[in-house]
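Under our numbering, the first residue of the sequence shown carries the number 152, and numbering increases by one thereafter. Everything below concerns the one structure shown next.
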Amino acid sequence: MGLWAAVKATEAGYGVTLVDRARPGAGASGGLLGALFPWMPNRFDDKKKFQYDALLSLPVELSALEAETGLSAGYARVGRIIPLPKPHLRVIAERHQQDAISAWRSPAGAFDWRVTETPPVESYIDPAFAAAGYVHDTLAARMSPRGLCALLTAWLQHRPNARIFMGTELESIDAAAGRARFRATGASQPGQDGETFCGDILFDRLVLAMGVDAFAPIEALAPPLQKPLGQGVKGQAALMAADLDPGLPVAFLDGVYVVPHAGGRVAVGSTSENSYDAPFATDAQLDDVIEKARALIPALANAPVIERWAGLRPKAIARDPMLGPLPDHPNILAMTGGFKISFGVAHALADALIDMIEGRDPVRLPDGFRLAAHLAEAG
Ligand SMILES: Cc1cc2nc3c(=O)[nH]c(=O)nc-3n(C[C@H](O)[C@H](O)[C@H](O)COP(=O)(O)OP(=O)(O)OC[C@H]3O[C@@H](n4cnc5c(N)ncnc54)[C@H](O)[C@@H]3O)c2cc1C
Numbered sequence: 152m153g154l155w156a157a158v159k160a161t162e163a164g165y166g167v168t169l170v171d172r173a174r175p176g177a178g179a180s181g182g183l184l185g186a187l188f189p190w191m192p193n194r195f196d197d198k199k200k201f202q203y204d205a206l207l208s209l210p211v212e213l214s215a216l217e218a219e220t221g222l223s224a225g226y227a228r229v230g231r232i233i234p235l236p237k238p239h240l241r242v243i244a245e246r247h248q249q250d251a252i253s254a255w256r257s258p259a260g261a262f263d264w265r266v267t268e269t270p271p272v273e274s275y276i277d278p279a280f281a282a283a284g285y286v287h288d289t290l291a292a293r294m295s296p297r298g299l300c301a302l303l304t305a306w307l308q309h310r311p312n313a314r315i316f317m318g319t320e321l322e323s324i325d326a327a328a329g330r331a332r333f334r335a336t337g338a339s340q341p342g343q344d345g346e347t348f349c350g351d352i353l354f355d356r357l358v359l360a361m362g363v364d365a366f367a368p369i370e371a372l373a374p375p376l377q378k379p380l381g382q383g384v385k386g387q388a389a390l391m392a393a394d395l396d397p398g399l400p401v402a403f404l405d406g407v408y409v410v411p412h413a414g415g416r417v418a419v420g421s422t423s424e425n426s427y428d429a430p431f432a433t434d435a436q437l438d439d440v441i442e443k444a445r446a447l448i449p450a451l452a453n454a455p456v457i458e459r460w461a462g463l464r465p466k467a468i469a470r471d472p473m474l475g476p477l478p479d480h481p482n483i484l485a486m487t488g489g490f491k492i493s494f495g496v497a498h499a500l501a502d503a504l505i506d507m508i509e510g511r512d513p514v515r516l517p518d519g520f521r522l523a524a525h526l527a528e529a530g
């Protein structure tokens, strides 16, 4: 979120300082999966339309940044296959197939939520999970989370009006004075092209895009609330080495994702944990996900696990992204709460953020994505 905000603000001509307590991509965005799934095509409201448009514009925006940097975000619109184990799931899926015919059509593209009897790709998903058929969603895509973070960081590093401080943590904010205080954490990595900073920075606008850690400072600056504005939902994922075609669709069943990436790597995930003791440690729950993935995709049966990873998804009280100026401090803006959809919408949220900063109402931004909606929910 912060990287996209910095990119868009830099493009708009502002002097931008991006500060991270470790380095860009050190939080949830530095994970493994990178699935870009649309919401279901039924009840296609303003939220689903915003996400649909964002999923369509993302590859166009990435191409421009990739051409400038020579780096790749590992994006491909590979689609998604959902096996249907039970007949009642097929009934629902066939309704969605009709919904997609109207919802997923626009001048920028036409996509399907197709229900099929035969596997959309031969010898990929174990047919034992597809007694009632398959869904083939052609809108879904995947991206490399770390590739994306490296791409956006590199783009910023070549901009005269942008600078990045790594290993630098936000310590306190004086909203009235437009001043933020930072301290060095010692968490940046040697050899990375980012200085550390310690001291005060004066700002015209401050964007709090700190993932799960943004909720506390936003609460501190907001009017008194009855409930917390958000929480971290832990997720665990793994990376496997397997010679799968990177053009294969993402496979998805019951919360288990299998995401073939380039270079013989396949990401599998994820747990979704509301309570946890060790937010960044993996455990037997990940073993369970890995076993389910191996069962679903026979080609993974003996694939070695080369990385295990855990992180915290920022889940806002109203479950949706949280964007906008603080009521009493319009020079400070929240940008967090992407929960499970951040990668597909962050660039579009950043456009809306710039609109807000420049005094325009981002008319396409759903009301539910605005900070005001979350503040109302938190009382
Ligand atoms: C297992 C798992 C799988 C997921 N899969 C997907 C997926 O397939 N598709 C998808 O769209 N989403 C997915 N998500 C969710 C997605 O990763 C998050 O929604 C997204 O990364 C959040 O981005 P963010 O920029 O808001 O926060 P983060 O990526 O967490 O970034 C916050 C940054 O702020 C920095 N920071 C924090 N506090 C401070 C401070 N005081 N001072 C300075 N810097 C600070 C951190 O170091 C960090 O770099 C997944 C999440 C998990 C855990």
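We put the CB at the ideal spot given by N, CA and C, even for glycine.
For residue i, the three-state DSSP class (helix, strand or coil)
i       : result
Leu-154 : helix
Gly-383 : strand
His-412 : strand
Tyr-203 : helix
Gly-298 : helix
Thr-304 : helix
Pro-210 : helix
Phe-494 : helix
Ser-253 : helix
Ile-448 : coil
Arg-246 : helix
Glu-346 : strand
Thr-487 : strand
Val-440 : helix
Val-363 : helix
Gly-260 : strand
Ile-232 : strand
Asp-351 : strand
Ala-292 : strand
Leu-216 : helix
His-525 : helix
Glu-424 : strand
His-480 : strand
Ala-186 : strand
Leu-516 : coil
Leu-240 : helix
Leu-372 : helix
Best match in the options for proximity to residue i [C-alpha to C-alpha]
i       : options                               : result
Arg-445 : Tyr-408, Leu-359 and Arg-330          : Tyr-408
Ala-156 : Ile-324, Leu-526, Arg-356 and Glu-370 : Arg-356
Asp-479 : Ala-291, Gln-248, Leu-372 and Leu-437 : Leu-372
Gly-345 : Thr-168, Pro-430 and Leu-526          : Thr-168
Ala-460 : Asn-482, Ala-435 and Asp-471          : The displayed chain sequence assigns Trp, not Ala, to residue 460. Among Asn-482, Ala-435 and Asp-471, the Cα nearest to that of Trp-460 belongs to Ala-435.
Met-191 : Gly-225, Leu-184 and Arg-246          : Arg-246
Asp-197 : Ala-467, Arg-521, His-525 and Leu-302 : Arg-521
Phe-348 : Ala-335, Ala-360 and Val-358          : Ala-335
Asp-405 : Pro-476, Leu-222 and Asp-439          : Asp-439
Lys-443 : Glu-212, Phe-403 and Gly-415          : Phe-403
Gly-488 : Ala-524, Ala-291, Ala-389 and Gly-318 : Ala-524
Gly-414 : Gly-298, Asp-204, Leu-206 and Ser-214 : Gly-298
Val-456 : Val-211, Ala-393 and Ala-331          : Ala-393
Glu-458 : Arg-470, Ala-432 and Asp-428          : Ala-432
Ala-244 : Tyr-226, Leu-463, Asp-428 and Asp-263 : Asp-263
Phe-494 : Arg-172, Pro-189 and Val-170          : Pro-189
Ile-468 : Phe-490, Asn-453, Gly-462 and Pro-449 : Phe-490
Val-496 : Ala-450, Leu-213, Gly-230 and Val-170 : Leu-213
Arg-228 : Val-401, Leu-359, Ala-313 and Asp-171 : Val-401
His-412 : Ala-292, Leu-474, Pro-517 and Pro-368 : Ala-292
Ser-426 : Ser-208, Leu-359 and Gly-386          : Gly-386
Arg-515 : Leu-187, Tyr-226, Glu-320 and Ala-205 : Ala-205
For residue i, the residue or residues it bridges with in DSSP
i       : result
Met-391 : Val-417 and Val-456
Lys-466 : Gln-382
Met-473 : Thr-487
Arg-314 : Thr-168
Ala-461 : Gln-387
Phe-333 : Leu-321 and Gly-350
Arg-265 : His-287
Val-401 : Arg-231
Val-407 : Leu-404
Closer than 7 Å: residue i CB and nearest ligand 3 heavy atom
i       : result
Val-170 : Looking at this structure, you won't find ligand 3 anywhere; what it does contain is ligand 1.
- request: Could you tell me whether the stretch 391 to 399 touches the stretch 374 to 382, where touching means 3 or more Cβ pairs closer than 8 Å?
  value: no
message: I want to know whether the stretch 157 to 170 touches the stretch 500 to 512 - three or more CB-CB distances under 8 Å.
response: yes
- prompt: So, do the stretch 409 to 426 and the stretch 346 to 364 have three or more beta carbon pairs nearer to each other than 8 Å?
  reply: The stretch 409 to 426 is not in contact with the stretch 346 to 364.
message: Does the contact criterion of 3 or more C-beta pairs under 8 Å hold for the stretch 280 to 295 versus the stretch 304 to 313?
response: They do not touch, by the three-pair rule.
- prompt: Are the stretch 319 to 339 and the stretch 477 to 491 touching by the rule of at least three beta carbon pairs closer than 8 Å?
  reply: Judged by Cβ distances under 8 Å, the stretch 319 to 339 makes contact with the stretch 477 to 491, as three or more pairs qualify.
field: Stretch-stretch touch, CB-based, cutoff 8 Å, three pairs: the stretch 515 to 529 with the stretch 363 to 377
entry: yes
task: Could you say if the stretch 231 to 248 and the stretch 268 to 277 meet the contact criterion of at least three C-beta pairs nearer than 8 Å?
output: yes
- prompt: Would you say the stretch 359 to 369 touches the stretch 254 to 270, given that touching needs at least three Cβ pairs under 8 Å?
  reply: no
The stretch 288 to 307 contacting the stretch 173 to 182, beta-carbon criterion three pairs below 8 Å: Contact holds: three or more Cβ-Cβ distances are below 8 Å.
- request: Kindly confirm or deny that the stretch 222 to 229 and the stretch 267 to 274 touch, where touching means at least three C-beta pairs closer than 8 Å.
  value: No, the stretch 222 to 229 does not touch the stretch 267 to 274.
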